[in-house]
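Position one of the sequence shown corresponds to residue 49 (my numbering), numbered consecutively onward.
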Amino acid sequence: MCGIIGYTGTENDVQEVLMTGLSGLEYRGYDSAGLAIANGSLAVHKREGEVSALENALPEMTLDGLAGIGHTRWSTHGPPSDENAHPHTDCESRVAVVHNGIIENYQSLREDLTADGHEFNSDTDTEAIPHLIGSALEAGVAPEQAFRQAVDRLEGSYAVAAVFQGEETIYVARNESPLVLGVGDDGHYLASDVPAFLEYTDRVIYLEDGQFARVSPSGIIVTDEQGAVVDTAIDTVDWDPEDAGKSGYDHYMLKEIHEQPTALRKCLRERVSELEHEITVEELATLECSGPVQFVACGTSYHAALYGARLLRENGISAQCFLASEYDAQSIPVSDETLVVGVTQSGETADTMGALRMANQAGATTLALTNVVGSSAARECDHVMYIRAGPEIGVAATKTFVSQQAALTLLSSVLSGAESPTLIKQLRGLPEKLQHVLDESTAQEVSAEFVDADAYFFIGRGYNAPVALEGALKMKEITYKHAEGFAAGELKHGPLALVTEQTPVFALVTGDTAAKTIGNIKEVEARGAPVIAVTDRPAEVGQYASHVLEVPTAGPYLTPILANVQLQLVSYWVAAQLDRSIDKPRNLAKSVTVD
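Below, the structure written as structure tokens:
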């Protein structure tokens with residue numbers, strides 16, 4: 049969840065690189081932020097709150113040094129405070145440490161260290177790490193070996209980086225928490241996510257679980273747990289640094305909503321040929337599926353997975369969808385004929401990675417459907433399919449959800465062999481129709497009428513049901529208002545008791561299920577609730593609705609993708625009118641890398 053940045057070099061200003069990186073990582077956590085720069089001593093500055101609070105607290109004179117680390121925190125152990133902010137140091141301030149993950153045995157480590165005379169200043173699990181290192185330093189152990197000894201005692205997940213006073217080297221290690229190294233011409237970088245240093249370099253090394261690295265101005269050396277040097281590949285990230293900026297929009301979320309036509313084109317490019325009437329996904333060329341398919345995912349990705357599972361079932365393939373966090377608790381039968389698909393934007397989601405690892409151990413074939421090249425899911429699964437959405441900075445997923453839906457449509461076609469000319473034509477035309485929705489939407493005007501509502505309901509049937517769930521999630525995430533999504537037929541089995549005149553109901557009315565959904569609209573209308581219909585048949589539905597948000601017809605599979613965009617815009621404009629922190633909603637972070 050938290051964000052780590054590090055830089056060591058001779059050309060760029062270390063403080064400037066760290067602050068740029070922290071700003072680029074703030075979507076991973078914004079409870080507090082801090083940095084440490086090594087020179088003859090250690091300069092450590094940290095503050096509760098967003099990165100701007102840290103920036104305001106820094107001394108006017110730039111901090112000198114050749115190596116530094118920074119951190120932006122999403123709280124797990126201890127509330128947001130200056131004391132709980134990273135970096136943490138040992139008793140003598142000889143080493144500073146930043147960490148992402150959960151140290152499961154921190155309490156016993158803390159008790160042992162306290163018994164040895166160490167004094168702790170925070171509530172965090174992380175603070176045990178610098179004290180372990182400091183204890184080794186007191187015994188005369190050299191910095192690198194002291195770092196390795198400390199990491200060897202950790203149980204749990206971690207991406208950890210440390211700097212020592214008087215040294216220009218950063219020592220790093222990872223286990224079940226993301227960490228990527230950047231290879232630059234003027235020095236070298238490390239971060240939780242590539243966007244943190246993308247404006248400096250696009251050449252990266254993905255650190256594997258159990259590996260360590262020494263990052264210095266002269267180079268990067270990766271070693272295994274025994275200290276043997278590991279040969280590493282340098283990959284080039286195909287992302288434009290401009291993709292990680294706001295490009296004049298007020299919020300990343302609004303920018304990313306408007307980037308969805310481009311994201312779709314990237315997802316479909318060289319995969320869908322209208323001329324040759326075929327769908328070809330090169331990454332899936334060697335994928336064989338003879339048995340059932342199981343999807344595992346969390347949050348928005350789970351809603352996309354529900355959509356994908358329905359696609360497969362409709363095309364004759366047995367498919368189920370599971371919350372990744374519940375996968376280990378449901379005694380789900382898995383065999384060597386099972387295909388388990390992990391849908392994860394970041395490729396690092398802890399619950400999804402746990403489910404995929406369980407599936408691997410059970411002998412299943414695993415496929416990662418992800419946005420991030422070189423992510424843990426991409427490396428650990430048997431197969432990977434990229435959604436190609438580009439960097440998404442806003443915490444609330446928008447363009448990645450649309451790209452996941454499109455990618456899952458392609459996956460369904462590949463696994464089932466269903467390549468109808470009609471579907472191919474609809475896919476090719478989808479970006480243009482999505483652009484039409486963005487250009488013509490009246491969501492801003494509609495949202496203004498319902499900004500003070502007590503709660504919001506979202507209903508839909510068939511392929512619209514997952515979109516209804518996603519619409520409610522977006523509303524909850526960025527407006528902090530109560531919202532619920534339902535399969536439309538379930539409304540009368542309990543939730544209808546909550547419907548009042550102050551409860552707007554957003555009804556997705558498209559495809560073959562439209563007639564039944566209109567029946568549900570009438571049930572709501574009879575209780576006095578306003579209905580906002582998102583539909584491709586306004587003349588038919590408009591008489592039953594207070595407002596209509598129109599979408600073009602794109603076929604039974606794809607029209608719900610367009611309907612989802614209208615709901616994204618509604619949530620955005622409600623949040624904007626409520627003056628919410630849209631890109632950084634309270635208590636949430638972009639990539640959930642802890643269980």
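Think of the CB as a built atom: it goes at the ideal place given N, C-alpha and C, for glycine as much as any other residue.
As assigned by DSSP and simplified to three states, the class of T174: Taking the first residue of the sequence shown as 1, we reach residue 174 at position 126. Coil.
8 Å contact criterion, which T56 and I218 should meet: CB distance rounded: Looking up residue 56 in the sequence shown gives position 8. Looking up residue 218 in the sequence shown gives position 170. 6 Å between Cβ atoms; contact.
Could you name the residues of the same chain whose beta carbon sits closer than 6 Å to that of H299, not counting the 5 residues immediately before and after it, in chain order? The residue given as residue 299 occupies position 251 in the sequence shown. Taken in chain order, the residues that qualify are I630 and D631.
Measuring only between beta-carbons, confirm whether G275 sits less than 8 Å from chain B. Within the model displayed, chain B is absent; a lone protein chain is all it includes.
Taking all protein chains shown into account, decide if D241 is buried (16 or more other Cβ within 10 angstroms of its Cβ) or exposed. Working through the sequence shown from its first residue, we reach residue 241 at position 193. By the Cβ neighbour-count rule, D241 is buried, with 16 or more other Cβ atoms within 10 Å of its own.
Could you tell me the alpha carbon to alpha carbon distance between V277 and Q259, rounded to whole angstroms? Taking the first residue of the sequence shown as 1, we reach residue 277 at position 229. Taking the first residue of the sequence shown as 1, we reach residue 259 at position 211. Taking the straight line joining both Cα atoms gives about 10 Å.
Delimiting residues of the alpha helix (DSSP H) encompassing N223: As a working mapping, residue 223 is identified with position 175 in the sequence shown. Taken as a continuous stretch (DSSP letters only), N223 belongs to no alpha helix (DSSP H), being part of the beta strand (DSSP E) at I218 to N223.
Spatial neighbours of L615 within its chain, please: CB distance less than 6 Å, with the 5 preceding and 5 following residues excluded, ordered by chain position. As a position in the sequence shown, residue 615 is number 567, starting the count at 1. Answer for L615: G519, listed in chain order.
Could you name the residues of the same chain whose beta carbon sits closer than 8 Å to that of G267, not counting the 5 residues immediately before and after it, in chain order? Position 219 of the sequence shown, counting from 1, holds the residue named residue 267. So the list reads H236, once near-sequence residues are dropped.
Does the beta-carbon distance from H351 to P604 come in below 8 Å? For the purposes of this step, residue 351 is identified with residue 303 of the sequence shown, where counting begins at 1. For the purposes of this step, residue 604 is identified with residue 556 of the sequence shown, where counting begins at 1. For H351 and P604, no; Cβs fall outside 8 Å.
For D399, the three-state DSSP class (helix, strand or coil): Sequence index remark: in the sequence shown, residue 399 carries index 351 (1-based). Helix.
My parser needs the alpha helix (DSSP H) runs of 4 or more residues fully inside the stretch 606 to 635; what are they? 607 to 625
Less than 8 Å between the beta carbons of K94 and S71, yes or no? The residue labelled residue 94 in the question sits at position 46 within the sequence shown. The residue labelled residue 71 in the question sits at position 23 within the sequence shown. No, Cβ-Cβ distance for K94 and S71 is not below 8 Å.
In chain order, what residues of the same chain have a beta carbon less than 8 Å from the beta carbon of V252, not counting five sequence neighbours either side? Start at 1 with the first residue of the sequence shown, and residue 252 comes out as number 204. If we look at V252 and ignore the five residues flanking it on each side, its Cβ neighbours are V228, L229, G230, V231, V242, I282, D283, T284, V285 and G422.
Note down, in chain order, each residue of its chain lying with its Cβ closer than 7 Å to the Cβ of Y375, except the 5 sequence neighbours on either side. Translated into the one-based positions of the sequence shown, residue 375 becomes position 327. Only V344, A403 and M406 meet the Cβ criterion.
Segment limits, beta strand (DSSP E) that includes M433: Stepping through the sequence shown from its first residue, residue 433 is reached at position 385. Segment H431 to Y434, the beta strand (DSSP E) holding M433.
Mind listing, in chain order, the continuous alpha helix (DSSP H) runs of no fewer than 4 residues lying wholly within the stretch 505 to 573? 512 to 527
When DSSP labels each residue in this structure, what does H166 get in the three-state scheme? Position 118 of the sequence shown, counted from the start, is the residue given in the question as residue 166. Residue state, collapsed to three classes: coil.
Please determine if the stretch 152 to 166 and the stretch 101 to 117 are in contact, where contact requires at least 3 C-beta pairs separated by less than 8 Å. No: the two stretches stay apart, fewer than three of their Cβ pairs being nearer than 8 Å.
Got a sec, what are the start and stop residues for the beta strand (DSSP E) K94 sits in? As a position in the sequence shown, residue 94 is number 46, starting the count at 1. Run containing K94: L90 to E96, per the beta strand (DSSP E) assignment.
Nearest-angstrom Cα distance between Q593 and F534? In the sequence shown, the residue the question calls residue 593 occupies position 545. In the sequence shown, the residue the question calls residue 534 occupies position 486. Inspection of the sequence shows that residue 593 is occupied by Ala rather than by Gln. Those two C-alpha atoms are separated by around 18 Å.
Pairwise C-alpha distance: G54 and S156: Here residue 156 corresponds to residue number 108 of the sequence shown, with the count starting at 1. Here residue 54 corresponds to residue number 6 of the sequence shown, with the count starting at 1. Those two C-alpha atoms are separated by around 29 Å.
How should P178 be labelled, buried or exposed, when 16 other C-beta atoms within 10 angstroms of its C-beta is the threshold for buried? One-based indexing of the sequence shown puts residue 178 at position 130. P178 should be labelled buried.
Assess, as a yes-or-no matter, whether the stretch 537 to 547 is touched by the stretch 598 to 613 under the definition of 3 or more beta carbon pairs within less than 8 Å. Taking a cut-off of 8 Å on C-beta distances, the stretch 598 to 613 does not touch the stretch 537 to 547, as fewer than three cross pairs fall below it.
Tell me which residue opens and which closes the beta strand (DSSP E) that T310 is part of. Working through the sequence shown from its first residue, we reach residue 310 at position 262. Following the DSSP letters along the chain, one finds T310 in no beta strand (DSSP E) but inside the alpha helix (DSSP H) bounded by residues Q308 to L316.
Going by C-alpha distance, which of N512, L323 and Q483 is nearest L354? Position 306 of the sequence shown holds residue 354. Among N512, L323 and Q483, the Cα nearest to that of L354 belongs to N512.
Pair within 8 Å by beta-carbon distance, G118 and G77: Along the sequence shown, one-based indexing puts residue 118 at 70. Along the sequence shown, one-based indexing puts residue 77 at 29. Contact: no.
Give the DSSP-derived three-state secondary structure of R29 in the structure shown. Look at the range of the chain in this structure, 49 to 643, and you will see that residue 29 is not part of it.
G57 - containing beta strand (DSSP E), residue span: Position 9 of the sequence shown, counted from the start, is the residue given in the question as residue 57. Per DSSP, G57 belongs to the beta strand (DSSP E) from G51 to G57.
Could you check what DSSP says for D279 in three-state terms: helix, strand or coil? Reading the sequence shown from its first residue, position 231 is the one you call residue 279. In the three-state DSSP reduction, D279 falls in the coil class, being neither helix nor strand.
Expressed to the nearest angstrom, what Euclidean distance is found between the alpha-carbon atoms of V499 and S619? For the purposes of this step, residue 499 is taken as the residue at position 451 of the sequence shown. For the purposes of this step, residue 619 is taken as the residue at position 571 of the sequence shown. Taking the Cα positions, V499 is about 10 Å away from S619.
Check whether the Cβ atoms of T675 and C346 sit closer than 8 Å, and answer yes or no. This structure gives no information on residue 675, because the portion of the chain shown stretches from 49 to 643.
How many whole angstroms separate the CB atoms of A311 and G438, which I take to be in contact at a CB cut-off of 8 Å? Here the question's residue 311 lines up with position 263 in the sequence shown. Here the question's residue 438 lines up with position 390 in the sequence shown. That pair is a contact at about 6 Å.
Exposed or buried, which one is G465 when buried takes at least 16 other CB atoms within 10 Å? Reading the sequence shown from its first residue, position 417 is the one you call residue 465. Exposed, since its Cβ has fewer than 16 Cβ neighbours within 10 Å.
Can we say the stretch 570 to 583 touches the stretch 459 to 477, given the rule of at least three CB pairs closer than 8 Å? no
In the DSSP assignment, the alpha helix (DSSP H) including T348 goes from what residue to what residue? Along the sequence shown, one-based indexing puts residue 348 at 300. It spans G347 to E362 - the alpha helix (DSSP H) in which T348 sits, taken as one unbroken run.
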